[in-house]
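Novice:
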Amino acid sequence: MKHSSSPDAIAGFEVDLKQALIWVARALDYVGVDDTHHSHRVAYIAYQCALALNWDLKKAEFCYFAGMIHDCGVSETQEHKMLLDELIPQDAKAHCLRGYQTLKQ
1 MKHSSSPDAI
11 AGFEVDLKQA
21 LIWVARALDY
31 VGVDDTHHSH
41 RVAYIAYQCA
51 LALNWDLKKA
61 EFCYFAGMIH
71 DCGVSETQEH
81 KMLLDELIPQ
91 DAKAHCLRGY
101 QTLKQ
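FYI, UniProt numbering numbers position 78 of the sequence shown as 78, with every residue one higher than the one before it.
1) Taking the alpha-carbon of Ala60 as reference, which of Arg98, Leu21, Ile22 and Tyr44 has the nearest alpha-carbon?
2) Between Ala25 and His40, how many whole angstroms is the CB-CB distance? I'm expecting something under 8 Å.
3) Following the continuous alpha helix (DSSP H) through Leu51, name the residue where it begins and the one where it ends.
4) Might you give, ordered along the chain, the residues of its own chain that have their beta carbon closer than 6 Å to the beta carbon of Cys63, omitting 5 neighbours on each side?
5) Among the candidates Leu53, Lys93 and Asn54, whose CA atom is the shortest distance from the CA of Cys72?
6) Keeping to the same chain, check which residues put their C-beta closer than 8 Å to that of Leu103; ignore five residues upstream and five downstream.
7) Grouping DSSP H, G and I as helix and E and B as strand, with all else coil, what is Cys63?
8) Taking a contact to mean a Cβ-Cβ separation below 7 Å, would you say Leu21 touches Phe65 in this structure?
9) Give me the Cα-Cα distance between Gly67 and Asp16, rounded to the nearest whole angstrom.
10) Label residue 106 either buried or exposed according to how many other C-beta atoms from any shown protein chain fall within 10 Å of its C-beta, with 16 as the threshold for buried.
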(Lines of atoms letter the chains of each structure in order from A; the text may use other names.)
(Lines give C-alpha, C1' and ligand atoms only; values in the text may rest on other atoms or scores of the structure.)
Protein backbone atom coordinates (compact mmCIF):
# COMPACT_ATOMS: atom_id res chain seq x y z
CA MET A 1 0.00 0.00 0.00
CA LYS A 2 1.17 3.52 -0.61
CA HIS A 3 0.49 6.71 1.30
CA SER A 4 -2.25 8.82 -0.24
CA SER A 5 -4.64 11.65 0.51
CA SER A 6 -7.22 10.53 -2.05
CA PRO A 7 -10.92 10.14 -1.09
CA ASP A 8 -10.45 6.35 -1.22
CA ALA A 9 -7.68 6.53 1.39
CA ILE A 10 -8.16 4.97 4.81
CA ALA A 11 -5.91 6.17 7.62
CA GLY A 12 -3.46 7.53 5.06
CA PHE A 13 -3.28 4.38 2.94
CA GLU A 14 -4.73 3.95 -0.53
CA VAL A 15 -7.16 1.06 -0.89
CA ASP A 16 -8.05 -0.67 -4.14
CA LEU A 17 -11.81 -1.08 -3.67
CA LYS A 18 -12.14 -3.82 -6.28
CA GLN A 19 -9.39 -5.90 -4.65
CA ALA A 20 -10.92 -5.30 -1.22
CA LEU A 21 -14.30 -6.56 -2.45
CA ILE A 22 -12.68 -9.65 -3.96
CA TRP A 23 -11.03 -10.47 -0.61
CA VAL A 24 -14.30 -9.88 1.26
CA ALA A 25 -16.03 -12.28 -1.14
CA ARG A 26 -13.31 -14.88 -0.58
CA ALA A 27 -13.79 -14.56 3.18
CA LEU A 28 -17.57 -14.89 2.75
CA ASP A 29 -17.03 -18.12 0.82
CA TYR A 30 -15.74 -19.65 4.07
CA VAL A 31 -19.12 -18.96 5.73
CA GLY A 32 -20.92 -21.31 3.35
CA VAL A 33 -18.23 -23.98 3.23
CA ASP A 34 -20.64 -26.51 1.71
CA ASP A 35 -21.29 -24.12 -1.18
CA THR A 36 -17.84 -23.29 -2.56
CA HIS A 37 -17.49 -20.02 -4.48
CA HIS A 38 -21.16 -19.15 -3.97
CA SER A 39 -20.47 -15.40 -3.95
CA HIS A 40 -18.44 -15.62 -7.15
CA ARG A 41 -21.19 -17.55 -8.94
CA VAL A 42 -23.83 -15.03 -7.83
CA ALA A 43 -21.55 -12.22 -9.03
CA TYR A 44 -21.12 -13.84 -12.44
CA ILE A 45 -24.87 -14.43 -12.81
CA ALA A 46 -25.66 -10.84 -11.77
CA TYR A 47 -23.11 -9.54 -14.30
CA GLN A 48 -24.52 -11.70 -17.10
CA CYS A 49 -28.09 -10.60 -16.25
CA ALA A 50 -27.03 -6.95 -16.46
CA LEU A 51 -25.42 -7.55 -19.85
CA ALA A 52 -28.53 -9.42 -21.06
CA LEU A 53 -30.57 -6.36 -20.08
CA ASN A 54 -28.18 -4.26 -22.20
CA TRP A 55 -26.99 -2.29 -19.18
CA ASP A 56 -23.73 -0.42 -19.65
CA LEU A 57 -20.50 -2.00 -18.41
CA LYS A 58 -20.29 0.28 -15.36
CA LYS A 59 -23.71 -0.92 -14.12
CA ALA A 60 -22.83 -4.53 -14.98
CA GLU A 61 -19.60 -4.24 -12.99
CA PHE A 62 -21.56 -2.80 -10.05
CA CYS A 63 -23.87 -5.84 -10.22
CA TYR A 64 -20.83 -8.12 -10.25
CA PHE A 65 -19.36 -6.63 -7.09
CA ALA A 66 -22.77 -6.46 -5.38
CA GLY A 67 -23.14 -10.18 -6.09
CA MET A 68 -19.73 -10.86 -4.60
CA ILE A 69 -20.64 -9.30 -1.26
CA HIS A 70 -24.37 -10.09 -1.18
CA ASP A 71 -24.00 -12.41 1.85
CA CYS A 72 -21.86 -10.09 3.97
CA GLY A 73 -24.55 -10.12 6.68
CA VAL A 74 -24.38 -13.90 7.16
CA SER A 75 -22.17 -14.55 10.15
CA GLU A 76 -21.83 -18.33 10.28
CA THR A 77 -22.13 -21.47 8.18
CA GLN A 78 -25.20 -22.71 10.09
CA GLU A 79 -27.07 -19.49 9.31
CA HIS A 80 -26.07 -19.70 5.64
CA LYS A 81 -27.30 -23.31 5.44
CA MET A 82 -30.61 -22.39 7.09
CA LEU A 83 -31.15 -19.52 4.64
CA LEU A 84 -30.56 -21.85 1.70
CA ASP A 85 -32.60 -24.77 3.06
CA GLU A 86 -35.60 -22.95 4.50
CA LEU A 87 -35.81 -19.72 2.48
CA ILE A 88 -37.73 -17.85 5.19
CA PRO A 89 -38.13 -14.21 4.07
CA GLN A 90 -37.87 -12.80 7.62
CA ASP A 91 -34.51 -14.52 8.13
CA ALA A 92 -33.25 -13.30 4.78
CA LYS A 93 -34.27 -9.77 5.72
CA ALA A 94 -32.34 -9.95 9.01
CA HIS A 95 -29.07 -10.90 7.32
CA CYS A 96 -29.64 -8.25 4.65
CA LEU A 97 -30.06 -5.59 7.33
CA ARG A 98 -26.88 -6.77 9.12
CA GLY A 99 -25.00 -6.60 5.83
CA TYR A 100 -26.35 -3.11 5.15
CA GLN A 101 -25.25 -1.91 8.59
CA THR A 102 -21.80 -3.46 8.13
CA LEU A 103 -21.28 -1.80 4.75
CA LYS A 104 -22.71 1.50 5.97
CA GLN A 105 -20.00 1.76 8.65
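Don't be surprised by glycine CBs; every beta carbon is placed ideally from N, CA and C.
Specialist: Let me lay it out:
1) With distances taken between Cα atoms, Ala60 lies closest to Tyr44.
2) In this structure Ala25 touches His40 by the C-beta definition: roughly 6 Å separates them, less than 8 Å.
3) That run of the alpha helix (DSSP H) goes His38 to Ala52.
4) Only residues of its own chain outside the window of five on either side were considered, and among them Ala46, Tyr47 and Ala50 have a CB closer than 6 Å to the CB of Cys63, listed in chain order.
5) If you compare the alpha carbons of Leu53, Lys93 and Asn54 with that of Cys72, the shortest gap goes to Lys93.
6) Closer than 8 Å at Cβ, skipping near neighbours: Ile69 and Cys72.
7) Here Cys63 sits in helix by DSSP.
8) The answer is yes: Cβ separation under 7 Å.
9) Distance between the alpha carbons of Gly67 and Asp16: 18 Å.
10) The chain is shown only over 1 to 105; residue 106 falls outside these bounds and no answer can be derived.
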